[in-house]
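1 is the number of the first residue of the sequence shown in our numbering; add one for each residue after it. From the three backbone atoms N, C-alpha and C, an ideal C-beta is built for every residue, glycine too. Just below is one structure, and these are the notes that go with it.
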Amino acid sequence: MPIDYVAGRPFYGEYAWAYDLIISRNHRQECAFIEQVLTGLGIGRDAAILDAGCGTGSYCVELTQRGFRVTGIDRSSQLLMFARKKAAAAGLEIPFVDGDILSLEVDRQYDAVMCRGVLNDLVEERDRIQVFRSFTAILRLGGALILDVRDWEKTVKTKKAKPLFHKEVDVDGDILEFTSKSKLDLTNRFLRVHEKHKYRDDISLYDFIMKCWTKEELVRNMNAAGFGDIELFDSYTPKSVPNKTDRIVATGVLMAFISA
């Protein structure tokens, strides 16, 4: 059975309110890249996009403001609550759905799917194959997939050099402390992660596993689900702009529907 990180991980539950304070990503820059990719594929504004694993909804809000019709889906009801508040504060009506990206139960209606970081939480081989078939099930032929995952080889280098991440944030005069310590499991290509949240008198500890990706596995699984014209980037910037990270950003086009 797949591990249910949503059930226990504080980031997705009791500390969902702190997610944006601790995790820093330039969603405006990344959405500009996403729009550029979609435009290059002939997918213009007003296209229907699914944000698979939308979290607190920052990308949904930004892309909606750019003129796309975005739906967000996530398994964390707490993260979705903050996503809805964020959309309301921006004066936007964005559908947010509580659901599982491994079994998307909607008709084929989307022009594009984006999925950021979520696929690292899939550690079972069958799930890492199934998720791409799940995406094809809700994409139109010619639709686009844009995702990012951790690159295993680069992650080994970065985590060997710096296994500990620590951040402190002032929240209404009290300090929120977050610590994440990663241990490499070279045999299974796992990151064994120990997370600690500390705020006021509360301390939450959580251990879980991520499984990073290789470029070969990612391309193979995308191809097997019917995706072609695959391009790989180091980050959400054009290949002509060097920006080395420990991520793989992948784009692809649904070329064929593959029977299970």
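Considering only C-alpha positions, which residue in the set the options is nearest to residue i?
| i | options | result |
| --- | --- | --- |
| L119 | A256, A250, L254 | A250 |
| I73 | I129, Y59, M255, I23 | Y59 |
| Y236 | I94, D20, H27, Y12 | H27 |
| V70 | I209, R220, R45 | R45 |
| A161 | E168, E153, G42 | E153 |
| S182 | K196, G173, G8 | K196 |
| R200 | G228, V169, A89, V193 | V169 |
| Q29 | V253, G252, V193, P238 | P238 |
| E105 | S134, F96, K86 | S134 |
| A52 | F96, L21, A88, A87 | F96 |
In chain order, what residues of the same chain have a beta carbon less than 7 Å from the beta carbon of residue i, not counting five sequence neighbours either side?
| i | result |
| --- | --- |
| I248 | D148, V149, D151, W213, K215, L218, L232 |
| V131 | I101, L102, L119, L122 |
| R9 | Y206, F208 |
| I43 | D111, A112, A144 |
| V156 | L184 |
| L41 | A144, V253 |
| T64 | V70, L92, I94 |
| A256 | G226 |
Check the DSSP bridge columns for residue i and list the partner residues they point to.
| i | result |
| --- | --- |
| C115 | L147 |
| T71 | L50 |
| E168 | E177 |
| Y194 | In the sequence under discussion, the amino acid at residue 194 is His, which differs from the Tyr named in the question. K181, D207. |
| L139 | Y110 |
| W213 | D151 |
| I248 | V149 |
| D261 | No information on residue 261 is available, as it lies outside the stretch 1 to 260 that the chain covers here. |
| Y236 | In DSSP, Y236 forms no bridge with anything. |
Does the separation of the CB atoms of residue i and residue j fall below 8 Å?
| i | j | result |
| --- | --- | --- |
| R84 | C31 | no |
| L184 | K159 | yes |
| I129 | N221 | yes |
| R116 | D98 | no |
| S204 | E14 | yes |
| I94 | F68 | no |
| I23 | T136 | no |
For residue i, which residues in the same chain have their Cβ closer than 6 Å to its Cβ, ignoring the five residues on either side in sequence?
| i | result |
| --- | --- |
| K244 | D234 |
| A224 | none |
| F165 | S180 |
| I230 | V219, M222, G252 |
| L191 | S182, M210 |
| K198 | E177 |
Is residue i a contact residue of the ligand SAH, with contact defined as CB to any heavy atom under 7 Å?
| i | result |
| --- | --- |
| G143 | In terms of ligand content, the structure shown is empty, and the ligand SAH therefore cannot be addressed. |
Short of 8 Å in beta carbon distance, which residues of its chain neighbour residue i, apart from the five on each side in sequence? Order them along the chain.
| i | result |
| --- | --- |
| L186 | V156 |
| Y5 | Unreliable positioning characterises Y5 in this predicted model, as indicated by a pLDDT of 45, which lies under 50. A coordinate reading is not provided. |
Legend entry - Contact between the stretch 45-62 and the stretch 72-88 (3+ Cβ pairs under 8 Å): Contact holds: three or more Cβ-Cβ distances are below 8 Å.
Legend entry - Three or more C-beta pairs below 8 Å linking the stretch 111-118 and the stretch 166-178: no
Inset, instruction - Tell me, please, whether the stretch 133-149 touches the stretch 33-40 by the rule of three or more beta-carbon pairs shorter than 8 Å. - result: Yes, since at least three Cβ pairs between the stretch 133-149 and the stretch 33-40 fall closer than 8 Å, the two stretches touch.
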